[in-house]
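Q: According to the numbering used here, the residues represented by the sequence shown are 319 to 576, in order. Note that beta-carbon positions come from the ideal geometry of N, C-alpha and C, so glycine has one too. Just so we're clear, the structure is a prediction, and the values are computed from it rather than from any experiment. Have a look at the structure that comes next, please.
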Amino acid sequence: MLLAWCAAAPARAQERDYCAARPGLGTPACTMAPGRVSVEIAIADWQRDDSGDVRDDLVTLAETQLRIGLTETSEAVIGWAPFGRQRTRNAASGGVTRESGVGDVYLGLQANLANPDGSGFSIAVQPFVTVPIGGAPLGVGDWGAGILVPVSYDVSDALKLEFTGEANVVPDADGHGRHAAYSGTVGLDVVLGEAVETTIEVQGLRDRDPTQRATQWLGALSFDWKPTDDLQLDVGANVALDADAPDAEIYVGIARRF
């Protein structure tokens, strides 16, 4: 079934090159052409975080994002993670706890303001909301909202500079009220070959939760390969650059345009 799903689509006029939103920490400024759909799946994602005597391992499977082209410059974005499992071990006590759940639903609308194919200088805005259908460890239990502003610039045929700014209103950790969180991600996309690219990124995130304010810095490296015009495979890793960020994360994924 997977091979059939990955098979080439019937020949049709291509309005623009396939610009998947994964992999990496940032968001591309491009949008899908009208009538086209991109299905993007994080097949498996593993994250580890050590804090004193406590170690958390979080595995997320099949987190999926749909991008649906609406007009020449806009797309709808729908995201959901159907399964996550977290294992927490306390080295001092020897105790181990486990919890599983589904994620909240992400609903966004991206509007491109310049070059929707992502070429040259491209910029977009994406307001979004998160719908609280999930629970721990993936869901936050209440409504959230925010806006993304992705920007990219082609330095040359082989180099692209990327930036994603994000501002959110998210539920407090104690479940009472909401607070602001914001981040910025800077990336350099490098073409390694006809179908292979790598992206190097740094992200800074500030979470103003009144009970546990934190600033996190992450570094990221990802690779993607397009064996056909409508199919992409990817792998990536994120590492903590300070004590507040999760220590390490690795993932593999696939994206397919229809």
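Using the Cα positions of A360 and E381, report the straight-line distance between them to the nearest angstrom.
A: 5 Å
Q: Following the continuous beta strand (DSSP E) through F439, name the residue where it begins and the one where it ends.
A: F439 to V449
Q: Where does W461 sit, in a helix, a strand or coil, going by DSSP?
A: coil
Q: Quick one: what's got a C-beta closer than 6 Å to V423's C-beta in the same chain, skipping five residues either side?
A: Here V423 has W398, V449 and I451 as same chain residues with Cβ atoms under 6 Å from its own Cβ, once five neighbours each way along the sequence are excluded.
Q: For A485, which option in L479, H494, G464 and V473 has the closest C-alpha, if you only look at C-alpha atoms?
A: G464
Q: Indicate the three-state DSSP secondary structure (helix, strand or coil) for Q530 in the structure shown.
A: Q530: coil per DSSP, three-state reduction.
Q: Just checking my contact of F541 with V514 at CB under 8 Å: how many whole Å lie between their CB atoms?
A: For a cut-off of 8 Å, the C-beta gap from F541 to V514 is around 7 Å, short enough to register as a contact.
Q: Straight-line CA distance for D492 to T529?
A: 8 Å
Q: Which value, in whole angstroms, describes the spacing of the CA atoms of A432 and G370?
A: Between A432 and G370, the alpha-carbon positions lie close to 47 Å from each other.
Q: Where does the unbroken beta strand (DSSP E) through A429 begin, and where does it stop?
A: V423 to A432
Q: Measuring CB to CB, does G438 end up less than 8 Å from D490?
A: Using a Cβ distance threshold of 8 Å, G438 and D490 do not count as a contacting pair.
Q: What is the DSSP secondary structure of G419, reduced to helix, strand or coil?
A: strand
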